[in-house]
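Notes for the one structure printed next.
Number of protein chains: 2
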Amino acid sequence: MGDSEGAGRSVADKVFSIADAFQSGDELTLTEVAQRARLPISTTHRLLAEWVEWGGLVRGDDGRYRVGIKLWRLGTRQPTARRLRDLARPYLDDLLDATREHVHLAVRDDLGAVYLERLSGRDAVPVISDVGTRLPLHATGVGLVLLAFSPPEVFDAVLAAGPRRYLPNTLTSDAQLRARLAEIRLTGLDTSVEELTSGAFSVAAPVRDATGTVVAAVSIVARVERKAEPQFALGVRMAARGISAALGWRP
Amino acid sequence: MGDSEGAGRSVADKVFSIADAFQSGDELTLTEVAQRARLPISTTHRLLAEWVEWGGLVRGDDGRYRVGIKLWRLGTRQPTARRLRDLARPYLDDLLDATREHVHLAVRDDLGAVYLERLSGRDAVPVISDVGTRLPLHATGVGLVLLAFSPPEVFDAVLAAGPRRYLPNTLTSDAQLRARLAEIRLTGLDTSVEELTSGAFSVAAPVRDATGTVVAAVSIVARVERKAEPQFALGVRMAARGISAALGWRP
DNA sequence: GGTTTGGTTTCCACTGAGTGGAAACGTCGA
DNA sequence: TCGACGTTTCCACTCAGTGGAAACCAAACC
């Protein structure tokens, strides 16, 4: 080989690094991909060509690379996402009808909460989230709910990673978080006020599968002014219960 | 190397073959993957381990491999699918409300039509389609519409591939197809009756982007008995027009 | 026009990463 | 206990992959 230094990364690793580059930016030039993937340009060039030939990535007229439909299709084969989205759809729709705000369905992925689905009312608060993005567990309603029902080592990892304070209300200390999670486990519901997005509050509840394991969380995010309205807590709880039932959960 | 025969496939190729294996089967054992990918077991084993380490595939307690959330997330970064789904959602919802049948949004991927979205009424006809599946261009409403506005070489390729006859009504000959596509181009609408699914008919219309290019198609699939009802053609046409407008199309 | 700048594509000599057959290992069910 | 079937590990061989460097291309600038 020309030389070496790039520390014995396998070819597969390199292929994956390139895929990773697209998690943070949808339309990338060769050089951008190379930078993000920490690979030499020439190597990146060759591997990108293989990706394109396969069809997972496509190259636009502008020379930029994008994720292709083939890769999108592959994603649709993820069993959990497929099943949950399918079953949850009607419940989330009802929730949206009743509130006209943001409705979310999320699962935990490592130390983040990933939105599988997001429905939004026409004039809902602007939020950063989007389907497929990964948000911190400690600063979102769904995240806290998922964390509350995750194995303890996940909690430890979150703490170890140093939970970032997004807003004054964000919980960051061990004690604060523990108290909140205990409350969630007790009541089966979480209410967060301005912990990630200012001007917004969220209500979230756990979704259980047939074995009783918490596999997802449902939430509504709305403007703080509406915090007092009772239908949020009720709606989220009922939706979560409905989806759980659809998954085969019997209390 | 131990030997060779597997004809100079590059590592990347092999990695991709493994991904392909999951397009046809969601939960696969090592041996199944090896068979589908046409790779030696030991090679498959090693590469699967790398996939799992990366997180794109996950291995369940049952030893089977599945597509992981990471790969699903990567799919959500596909710009076309994301944009179209987002914009189309409200129009498709309206269409569903008005008809209570199957509502589809599809794009062309090579020689197939891929459903980006499918909403279904509670008691709609059972159909084989699902989000992410690829259906033949010549035998579906959306497919014919997409074909009508694709470059001529796509049509040639479809003919060359030998269009399969699914039901007596399926169009298969050059002449039949040409006539139908001409009609679609003229009227901006397609009506198919029992061409893929018996007992079902579909109405489909093209979606255009800001440049006037047809980028997707909308359709309704319903039971033949309702064929005479006028709201289908109207609804599909209006939905397609609405989505086009949202994409920036000005007639 | 010439020159710089920023990205892309091609080339090629070198070598260790990748290979896959085979054997060992588990785990069923009879 | 034994066979059948799937999984995991091993290892000697070698060619696929490597990446620096140079050529290339297209704007933008002087």
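Going line by line, the protein sequences match chains A and B. Counted from 1, the first sequence has number 227 at position 227 by my numbering; the numbering is strictly sequential. Counted from 1, the second sequence has number 89 at position 89 by my numbering; the numbering is strictly sequential. Where is the CB? At the ideal position from N, CA and C, for every residue including glycine.
Requested in this report: Kindly say whether B/D143, judged by its beta-carbon, lies nearer than 9 Å to any beta-carbon of chain A.
Outcome: Note that residue 143 of chain B corresponds to Gly in the displayed sequence, not to Asp. Contact of B/G143 with chain A is not assigned, every C-beta pair being separated by 9 Å or more.
List, from N- to C-terminal side, the alpha helix (DSSP H) runs of 4 residues or more that fit wholly inside the region 147-201 of chain B. Listed in chain order, the complete alpha helix (DSSP H) runs (minimum 4 residues) inside the region 147-201 of chain B are 152-160, 174-187.
Give the range of the beta strand (DSSP E) segment to which A/P136 is assigned. For A/P136, the enclosing beta strand (DSSP E) covers residues 134-136.
Subject >> As assigned by DSSP and simplified to three states, the class of B/G56 >> reply: In this structure, DSSP gives B/G56 a state outside helix and strand, which the three-state scheme calls coil.
Please determine whether the Cβ atom of B/G162 lies at a distance below 8 Å from any heavy atom of the ligand COA. For the structure depicted, the ligand COA is absent and the ligand set is empty, with no information on it obtainable.
Contacts of A/D13 in chain B (Cβ-Cβ under 8 Å)
Close to A/D13, with beta-carbon spacing below 8 Å, are these residues of chain B in chain order: E50, W54.
Could you tell me whether the Cβ atoms of B/Y166 and B/L196 are closer together than 9 Å? Cβ atoms of B/Y166 and B/L196: closer than 9 Å.
**Message:** Using 9 Å as the threshold, is the C-beta distance between B/V11 and B/S129 below it?
**Reply:** No, the Cβ-Cβ distance between B/V11 and B/S129 is not below 9 Å.
| query | How about A/R277 and A/L105: do their beta carbons lie closer than 9 Å? | reply | This structure does not reach residue 277 of chain A, given that chain A is present from 1 up to 251, and the question cannot be answered.
Which same chain residues, not among the five before or five after A/A124, have their C-beta less than 6 Å away from its C-beta?
-> E101, H102.
>> Considering Cα atoms alone, identify which of B/A228, B/P151, B/E32, B/G60 is closest to B/T213.
In response: The shortest CA-to-CA distance from B/T213 to any of B/A228, B/P151, B/E32, B/G60 is the one to B/P151.
Checklist entry - Where does the unbroken beta strand (DSSP E) through A/G235 begin, and where does it stop? => result Counting along the chain, no beta strand (DSSP E) covers A/G235; the unbroken alpha helix (DSSP H) around it starts and ends at 231-246.
B/P126 - DSSP class collapsed to helix/strand/coil:
If DSSP states are grouped into helix, strand and coil, B/P126 belongs with coil.
Note down, in chain order, each residue of its chain lying with its Cβ closer than 8 Å to the Cβ of B/A228, except the 5 sequence neighbours on either side.
Excluding residues within five positions, none has a Cβ falling inside 8 Å.
**Study point:** Stretch pair the region 44-61 of chain B + the region 48-58 of chain A: three plus CB contacts closer than 8 Å
**Key:** The region 44-61 of chain B, when compared against the region 48-58 of chain A, does not touch it at the 8 Å Cβ threshold.
Check: How many angstroms separate the CA atom of B/Q23 from the CA atom of A/A217?
Finding: So the alpha carbons of these two residues sit roughly 28 Å apart.
Using a 10 Å radius around the Cβ and a threshold of 16 neighbouring Cβ atoms, would you call B/S173 buried or exposed? So B/S173 counts as exposed.
Practice item. Output yes or no for whether 9 Å exceeds the beta carbon distance between B/W264 and A/G75. Key: It is not possible to answer for residue 264 of chain B, since the shown part of chain B is limited to 1 through 251.
Three-state secondary structure (DSSP) of A/G112
A/G112: strand per DSSP, three-state reduction.
Alpha-carbon spacing of B/D190 relative to A/L28, whole angstroms: Taking the CA atoms as reference points, B/D190 sits about 37 Å from A/L28.
*Are the Cβ atoms of B/R122 and B/L146 separated by less than 9 Å?*
No, these two residues do not count as a Cβ contact at 9 Å.
7 Å Cβ shell around B/R223 - same chain, five flanking residues per side excluded | Excluding sequence neighbours, B/R223 sits near V125, G199, A200.
Using a Cβ-Cβ cutoff of less than 7 Å, which residues in the same chain neighbour B/A21 once the five nearest sequence positions on both sides are dropped? Close CB contacts of B/A21 within its chain, under the 7 Å cut and outside five residues either way in sequence, are with L28, V33, R36, A37 (chain order).
Terminal residues of the continuous alpha helix (DSSP H) containing A/R85? Run containing A/R85: 79-99, per the alpha helix (DSSP H) assignment.
Over what stretch of residues does the alpha helix (DSSP H) that includes B/R9 continue unbroken? Unbroken run through B/R9: none, as it is neither H nor E.
Original post:
For the region 18-38 of chain B, which residues have a CB atom closer than 8 Å to at least one CB atom of chain A, in sequence order?
Top reply: Only those residues of the region 18-38 of chain B whose C-beta falls short of 8 Å from the nearest C-beta of chain A are listed: A19, F22, Q23, D26, E27.
Which word fits A/S176, buried or exposed, when buried means at least 16 other C-beta atoms lie within 10 angstroms of its C-beta? Looking at the sequence provided, one finds Gln at residue 176 of chain A rather than Ser. By the neighbour-count criterion, in which a residue is buried when 16 or more other Cβ atoms sit within 10 angstroms of its Cβ, A/Q176 is exposed.
**Asked** When DSSP builds the beta bridges, which residues end up paired with A/L28?
**Response** Beta-bridge pairing links A/L28 to A/Y65.
_Pairwise C-alpha distance: B/R83 and A/G68_ = Here the alpha carbons of B/R83 and A/G68 stand approximately 13 Å from one another.
Helix, strand or coil: how does DSSP classify A/L105 here? It is a strand residue.
| message | Can you pull the chain B neighbours of A/A81, defined as C-beta to C-beta under 8 Å? | response | Going along chain B in sequence order, the residues near A/A81 (Cβ under 8 Å) are I69, W72.
Name the chain B residues that come within less than 8 Å of A/R100, Cβ to Cβ? The contacting residues do not exist; A/R100 stays about 13 Å from chain B at best.
* Burial state of B/T44 (16 or more Cβ within 10 Å) -> B/T44 is buried by the Cβ-count criterion.
Neighbour list for B/L135 in chain A, Cβ cutoff strictly below 7 Å:
Annotation: B/L135 has no Cβ neighbours in chain A at a cutoff of 7 Å; minimum Cβ distance is about 12 Å.
_Straight-line Cα distance separating B/N169 from A/D110_ = If I take the Cα positions, the gap works out to 50 Å.
**Q.** Residues of its chain near B/V236, where Cβ-Cβ distance is below 8 Å and the 5 sequence neighbours each way are ignored
**A.** The residues are L95, L189, V203, A204, A205, V218, S219, I220.
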